[in-house]
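Peer 1: First to last, the sequence lines map onto chains A and B.
Read in the working numbering, the first sequence has 140 at position 140, and its numbers run on one by one without any break.
Read in the working numbering, the second sequence has 1389 at position 389, and its numbers run on one by one without any break.
Glycine included, each C-beta is placed from N, C-alpha and C at the ideal position.
Since this is a predicted model, take the numbers as computed values, not measurements.
Number of protein chains: 2
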Amino acid sequence: MERLPGFRDFYPEPLPSKEAWSADLRQRLFDSWRTTARRHGFREYDGPPLEPLELFTVKSGDEIVGQLYNFVDKGDREISLRPEMTPTLARMAAAAERQYKKPLKWFAIPQLFRYERQQKGRLREHFQFNADIIGEADPAADAELIALLINTLRELGLTDADFVVRLSSRLAWQEFYGERATEPGRSYEFFQIVDKLEREAPERSDAALQALGFSLEAVREFIAAARPTDDLKRILDDLGARGLGAFVKVDYLVIRGLAYYTGPVFEAFDRKGEFRAIAGGGRYDNLLKLISGGRVDLPALGFGMGDVVLTELLKARGLVPAVVAGIDVCVLVEDEGLRLASLRVVQQLRETGCAVDYSLTSMKPDKQFKRAVELGAAHTVRLVRGEDGAISARVKNLRTREEQVLSPDAVVPALSVRHPA
Amino acid sequence: MERLPGFRDFYPEPLPSKEAWSADLRQRLFDSWRTTARRHGFREYDGPPLEPLELFTVKSGDEIVGQLYNFVDKGDREISLRPEMTPTLARMAAAAERQYKKPLKWFAIPQLFRYERQQKGRLREHFQFNADIIGEADPAADAELIALLINTLRELGLTDADFVVRLSSRLAWQEFYGERATEPGRSYEFFQIVDKLEREAPERSDAALQALGFSLEAVREFIAAARPTDDLKRILDDLGARGLGAFVKVDYLVIRGLAYYTGPVFEAFDRKGEFRAIAGGGRYDNLLKLISGGRVDLPALGFGMGDVVLTELLKARGLVPAVVAGIDVCVLVEDEGLRLASLRVVQQLRETGCAVDYSLTSMKPDKQFKRAVELGAAHTVRLVRGEDGAISARVKNLRTREEQVLSPDAVVPALSVRHPA
């Protein structure tokens, strides 16, 4: 029986095949995201992987349904697996914001889903690090959020030679559009054309822009000038003061596809341009009002960083360290008559915080030892009965290959990594 | 807009309402599960939350569909959200087992789903710690698995006064049934009646048993005798050697509802009998063969432990510690002219591993200080410009209330929790 197309299985390392995904690497990524977010004062939240379909269409319109993993449940509800986290966050924050001091600085690591028919071989799920700030209109919040994005990638070993955050502004584009537009109501259409400039043939972009009364040349001049708005200047000064200036540049080619952004927007890319965006986000000051039906009106901003592109980038830059099983001690059972006594040592070591493994059944001593080496154990312990019937413990350091002879009760003090609770 | 019935939102503490679920407590549970599993030599894996419906019906028959969160996807596939992890594990292990040394000791922390129409107010999802051993038929594997279950609960602060693992055997029941049955093919029906003995009225159980040629009295005698099979004796000896004998007892009232168990089965209960089972599992030696269509035939066993009952139990026993925001240092910006210099300190402290927060915008000094106390910060740092224009840093220890005056560059060495990488 096969898994569904577009979904991943995550295996323990060493991986069974080159195509397999690593559960160890995934957990390392999640740990790093979590640690960095907490260090920046962000708090974790989560919502259901399923939401009413309406939560997503109210924000993005019915055309989004074509990309959703949606269905009708047994209670005849229109449901969708979440394609992004922001609507869930807006729903949760709108319901509970009165109980929290503003601004909220929240993060989550949801699995997200989409269903596009034509995309063969494309993943239908990924995990995404989401961080958002709710309740602060000042650009200081945008800078703090972007600092988190930069520091998250740095924590994984990436430097300013590896990636850059391209910073733009929906406001700057709105102004540009407003000053020149012949049809003021079609701004979103215009943004969509700009969003595709890097991928689209110039003639097609030019034709599409002409239809709205613009020329590709004028748009390119605006992008080339890259004149930061006052908000962007504040963000750049703030990040510069943190010593993060080299990680960010103004780039109006970035505009973000989603309809709901209202202010600064940004995307992180690898400097070599080999991959899709590593992360992206921006300000969405009107979304909470929309989701809450006008009840709650708070400015907000956030970003998302997916696990797939990031994993590809880390691999390409040699930043994925070899994973070992994480076993500290292997207890070797060479004398089956001492198995129960050995189990006592296993338990005691585990209680002090050691990761311990042993052979469940009788196995040749050399095979047990070889397995301990494979598992990356730092020490082996084996109980030996002497000619006088007394039991001693042989503790071997697998790095130095030195072996100590101890009484069985002295093993735990010699090897424990923490004191008993 | 509301979330779907039966699903939970997880909020950061302090919680917005008494009914709200804590994302912090959930993470603490996951961390504890993960740490304990690794300490026992178990490795993490995960599969998709969606699987082909057939993966679940092949094992449990079509009657299971009434309890599944299943639907038809846009590609006309019959799909289900996973109601349990074992079929996914069996699928993954059957596909890759040749690449791993046996036995596999694997764990996962999946979210599981079910959809029962009648159950108002009942949750339709929960998280479950799953641990399994694949490829070892010896009862030593059952003991190792049960030791993990016991140590997992102990790690959370529960003792042998709080819970017990009730150990039983499908083999013992099969033997009992086989020796007395008039209709050998109806053993699973018989097991289902035994499984409900504790909850069902005695007359109804008796009537149901009579229909299969048994009496309630004979069944009760068998349970009261509690004679361990050879396998159970081996398991008890093994756990006893580890010093875990007080956490386990033979109890044939436990039989487990699922059809696929083949040997020892067990459930962990609170001693006071206030809650549903905390965890349950057993041996399922035929499942991999079934799932793999006969390709792979490996003995296996596992258990699941849900987050909902466990959370209730921990709360009732006072074992849920108060969660603090986890902020180490609050940087107070009392002079807006020093905001950029303060941001530099924020960044430097975070780079050394400190969790740091600060006010994004201008705020009165006493309010900033109050916020630092609320966040549980150990220290505050504020930059002050002296009359001579020189900037100094005031570092306050919020426990002793002592304040040091340092040069701004001396703040990081004074407070850092780790050295820069």
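Just verifying my parser: in three-state terms, what is the DSSP assignment at Q368 of chain A?
Peer 2: Three-state result, Q368 of chain A: helix.
Peer 1: Can you find a C-beta in chain B that's less than 7 Å from the C-beta of A96 of chain A?
Peer 2: For A96 of chain A, the answer is yes, since a Cβ of chain B falls inside 7 Å of its Cβ.
Peer 1: Name the residues in the stretch 97 to 117 of chain A whose C-beta lies less than 9 Å from a C-beta of chain B; which are they?
Peer 2: If the cut-off is 9 Å between Cβ atoms, the stretch 97 to 117 of chain A has E97, R98, Q99, Y100, K101, P103, L104, K105, W106, A108, Q111, F113, Y115, R117 near chain B.
Peer 1: For chain B, check one thing: does any of its Cβ atoms lie closer than 7 Å to the Cβ of K289 of chain A?
Peer 2: False, the Cβ-Cβ gap to chain B never drops below 7 Å.
Peer 1: I need the straight-line Cα distance from L1343 of chain B to S1359 of chain B, nearest angstrom please.
Peer 2: If I take the Cα positions, the gap works out to 10 Å.
Peer 1: Mind checking which residues open and close the alpha helix (DSSP H) that includes P1413 of chain B?
Peer 2: Residues 1411 to 1415.
Peer 1: Can you confirm whether D357 of chain A, when its beta carbon is compared against all beta carbons of chain B, has any partner nearer than 7 Å?
Peer 2: So yes, D357 of chain A belongs to the interface.
Peer 1: Within 10 angstroms of its Cβ, does R371 of chain A collect 16 or more other Cβ (buried), or is it exposed?
Peer 2: Looking at its Cβ environment, which holds 16 or more other Cβ atoms inside 10 Å, R371 of chain A is buried.
Peer 1: For the alpha helix (DSSP H) containing V1309 of chain B, name the first residue and the last one.
Peer 2: First-last of the alpha helix (DSSP H) with V1309 of chain B: 1307 to 1316.
Peer 1: Can you find at least 3 beta carbon pairs, one from the stretch 300 to 307 of chain A and one from the stretch 321 to 335 of chain A, that sit closer than 8 Å?
Peer 2: The stretch 300 to 307 of chain A vs the stretch 321 to 335 of chain A: no contact.
Peer 1: Using 7 Å as the limit for Cβ to Cβ distance, is M1085 of chain B near chain A?
Peer 2: False, the Cβ-Cβ gap to chain A never drops below 7 Å.
Peer 1: Smallest Cα separation from L310 of chain A: which of A:M85, A:F71, A:T152, A:T36?
Peer 2: L310 of chain A has its Cα closest to that of A:T152, out of A:M85, A:F71, A:T152, A:T36.
Peer 1: Using a Cβ cut-off of 9 Å, which residues of the stretch 373 to 394 of chain A contact any Cβ in chain B, in chain order?
Peer 2: Flagged, chain order: E374, L375.
Peer 1: For a contact defined as C-beta to C-beta under 9 Å, what are the partners of R8 of chain A on chain E?
Peer 2: The structure shown contains no chain E; the protein chains it does contain are A and B.
Peer 1: Grab the span of the alpha helix (DSSP H) containing E267 of chain A for me, first residue to last.
Peer 2: Run containing E267 of chain A: none in the alpha helix (DSSP H); it sits in the beta strand (DSSP E), 264 to 270.
Peer 1: Sort B:H1126, B:D1046, B:F1010, B:R1077 by Cα distance to P12 of chain A and report the nearest one.
Peer 2: Per the Cα distances, B:D1046.
Peer 1: Looking only at its chain, what residues have a beta carbon closer than 6 Å to the beta carbon of G1213 of chain B, apart from the 5 residues adjacent to it on each side?
Peer 2: Closer than 6 Å at the Cβ level, and outside the excluded window around G1213 of chain B, lie T1182.
Peer 1: Name the DSSP bridge partner or partners of W106 of chain A?
Peer 2: Answer is A:R43, A:D132.
Peer 1: Is T1400 of chain B near the ligand FMN, with its Cβ less than 6 Å from a heavy atom?
Peer 2: In terms of ligand content, the structure shown is empty, and the ligand FMN therefore cannot be addressed.
Peer 1: Quick one: residues in its chain with C-beta nearer than 6 Å to the C-beta of Q1348 of chain B, no 5 flanking neighbours on either side, listed in chain order?
Peer 2: These residues qualify, in order along the chain: V1412.
Peer 1: Within the same chain, show all residues whose beta-carbon is closer than 7 Å to that of L1232 of chain B, passing over the 5 residues directly before and after it, in chain order.
Peer 2: Cβ within range, chain order: L1167, S1169, V1250, P1264.
Peer 1: Use the C-beta contact count for N1130 of chain B: other C-beta atoms within 10 angstroms, 16 or more gives buried, fewer gives exposed.
Peer 2: N1130 of chain B should be labelled buried.
Peer 1: Alpha carbons only, please: which of A:R82, A:D230, A:R401 is nearest the one belonging to V65 of chain A?
Peer 2: Among A:R82, A:D230, A:R401, the Cα nearest to that of V65 of chain A is on A:R82.
Peer 1: Does DSSP put F187 of chain A in a helix, a strand or coil?
Peer 2: First, the amino acid is wrong: residue 187 of chain A is Ser here, not Phe. In the structure shown, S187 of chain A sits in a helix (DSSP, three-state: H, G or I).
Peer 1: Using 7 Å as the limit for Cβ to Cβ distance, is D138 of chain A near chain B?
Peer 2: Cβ-Cβ to chain B under 7 Å: yes for D138 of chain A.
Peer 1: Under 8 Å Cβ-Cβ, which residues of chain B neighbour T361 of chain A?
Peer 2: By Cβ distance, chain B contributes E1136, D1138, A1140.
Peer 1: Closer than 9 Å, Cβ to any Cβ of chain B: which residues of the stretch 168 to 181 of chain A, in chain order?
Peer 2: If the cut-off is 9 Å between Cβ atoms, the stretch 168 to 181 of chain A has nothing near chain B.
Peer 1: Roughly how many angstroms lie between the CA atoms of R227 of chain A and D307 of chain A, to the nearest whole one?
Peer 2: Between R227 of chain A and D307 of chain A, the C-alpha separation is close to 33 Å.
Peer 1: Runs of 4 residues minimum, wholly inside the stretch 140 to 190 of chain A: which ones carry the alpha helix (DSSP H) assignment?
Peer 2: Whole alpha helix (DSSP H) segments, 4+ residues: 170 to 180.
Peer 1: Find out if the Cβ-Cβ distance for the pair I223 of chain A, Y177 of chain A is shorter than 7 Å.
Peer 2: No; because the gap between Cβ atoms is not below 7 Å, this pair is not in contact.
Peer 1: Which residues does DSSP list as the beta-bridge partners of V72 of chain A?
Peer 2: According to DSSP, V72 of chain A bridges with A:E78.
Peer 1: Helix, strand or coil for S32 of chain A per DSSP?
Peer 2: Here S32 of chain A sits in helix by DSSP.
Peer 1: Distance check for V333 of chain A and R339 of chain A, CA to CA, integer angstroms please.
Peer 2: Spanning the two alpha carbons is a distance of roughly 6 Å.
Peer 1: Can you give me the start and stop residues for the alpha helix (DSSP H) that I291 of chain A sits inside?
Peer 2: Here the alpha helix (DSSP H) through I291 of chain A covers 287 to 291.
Peer 1: Would you say L1145 of chain B reaches chain A, if we count a Cβ-Cβ gap shorter than 7 Å as a contact?
Peer 2: Chain A, which has no Cβ nearer than 7 Å to the Cβ of L1145 of chain B, makes this no.
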